[in-house]
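Visitor: What follows is a structure written as structure tokens; I'll ask about it next.
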Amino acid sequence: MPLLLFEQMCEHARRDGEHEVCGVLVGAPGEQSVGQVVVGQNVATEPAHRFMLDAATLLRADHDARAQGSEIIGFYHSHPNQAPFPSLTDRAMMWDDVPVVIIAVRDRGLAVCGWQQRRAQLQPCLLQIESATGEAE
8 MPLLLFEQMC
18 EHARRDGEHE
28 VCGVLVGAPG
38 EQSVGQVVVG
48 QNVATEPAHR
58 FMLDAATLLR
68 ADHDARAQGS
78 EIIGFYHSHP
88 NQAPFPSLTD
98 RAMMWDDVPV
108 VIIAVRDRGL
118 AVCGWQQRRA
128 QLQPCLLQIE
138 SATGEAE
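Just add 7 to the spot in the sequence shown (first one is 1) and you have this note's numbering.
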């Protein structure tokens, strides 16, 4: 993931720090390299404790990605003052083999982890951040 996109995702989480935020990660088909972050709106009834990505963002992200020859390759959301570990609710909403980045927003900063679920088995995902020069960090 390019550093600029990683920072965009983290800034979204910081900006709405007391509420969970969410969004879509778009990239080339068959690859795990993020080319675009689509900021979503959390329409959950309790946004401080849950998230629900608005359907319009999901549909627009999918439509725009396909029009550009890309696809949805992952999602992100935040956990205010909690660990960056998927809750049972998070796991129930995860798509098989589709990574989810969780950004924990805390008083002293952020903690970011990637997760993927395959056949109900949760696995950590490596997040590789590329600097502005394209080098992996």
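Ideal Cβ positions, reconstructed from N, Cα and C, are used throughout, including at glycine.
From the DSSP output, which residues share a beta bridge with I109?
Guide: As a first step, residue 109 is located in the sequence shown; it is residue number 102 there, counting from the start. Residue pairing by DSSP places I109 opposite H84 and C120 in a beta bridge.
Visitor: Run the CB neighbour count on N88, radius 10 Å, all protein chains shown included, and call it buried at 16 or more, exposed below.
Guide: Here residue 88 corresponds to residue number 81 of the sequence shown, with the count starting at 1. Answer is exposed; the Cβ neighbour count stays below 16.
Visitor: Look up L133 in the DSSP assignment and say whether it is helix, strand or coil.
Guide: Here residue 133 corresponds to residue number 126 of the sequence shown, with the count starting at 1. L133 falls in the coil class under three-state DSSP.
Visitor: Between the C-alpha atoms of Q15 and R125, what's the straight-line distance to the nearest angstrom?
Guide: The sequence position of residue 15 within the sequence shown is 8, counting from 1. The sequence position of residue 125 within the sequence shown is 118, counting from 1. Going from the Cα of Q15 to the Cα of R125 covers about 28 Å.
Visitor: By the DSSP assignment, the beta strand (DSSP E) with L65 in it spans what residues?
Guide: In the sequence shown, the residue the question calls residue 65 occupies position 58. Here L65 belongs to no beta strand (DSSP E); instead the alpha helix (DSSP H) covers A62 to A74.
Visitor: Hey, out of V31, S85, E27 and G47, whose CA is closest to S40's CA?
Guide: Position 33 of the sequence shown, counting from 1, holds the residue named residue 40. Minimum Cα-Cα distance from S40 among the listed residues V31, S85, E27 and G47 corresponds to V31.
Visitor: Answer yes if the stretch 73-80 comes into contact with the stretch 107-119, meaning at least three C-beta pairs across the two stretches below 8 Å, and no otherwise.
Guide: no
Visitor: Per DSSP, what kind of secondary structure is E14 in: helix, strand or coil?
Guide: Translated into the one-based positions of the sequence shown, residue 14 becomes position 7. DSSP places E14 in helix when its eight states are reduced to three.
Visitor: What does the alpha-carbon distance come out to for the pair P54 and A62?
Guide: Working through the sequence shown from its first residue, we reach residue 54 at position 47. Working through the sequence shown from its first residue, we reach residue 62 at position 55. Those two C-alpha atoms are separated by around 16 Å.
Visitor: Where does R22 sit, in a helix, a strand or coil, going by DSSP?
Guide: What you label residue 22 is simply residue 15 of the sequence shown in a count that begins at 1. Here R22 sits in helix by DSSP.
Visitor: State buried or exposed for G37, treating a residue as buried only when at least 16 other CB atoms are found within 10 Å of its CB.
Guide: Your numbering for residue 37 matches position 30 in the sequence shown. Its Cβ having fewer than 16 others within 10 Å, G37 is exposed.
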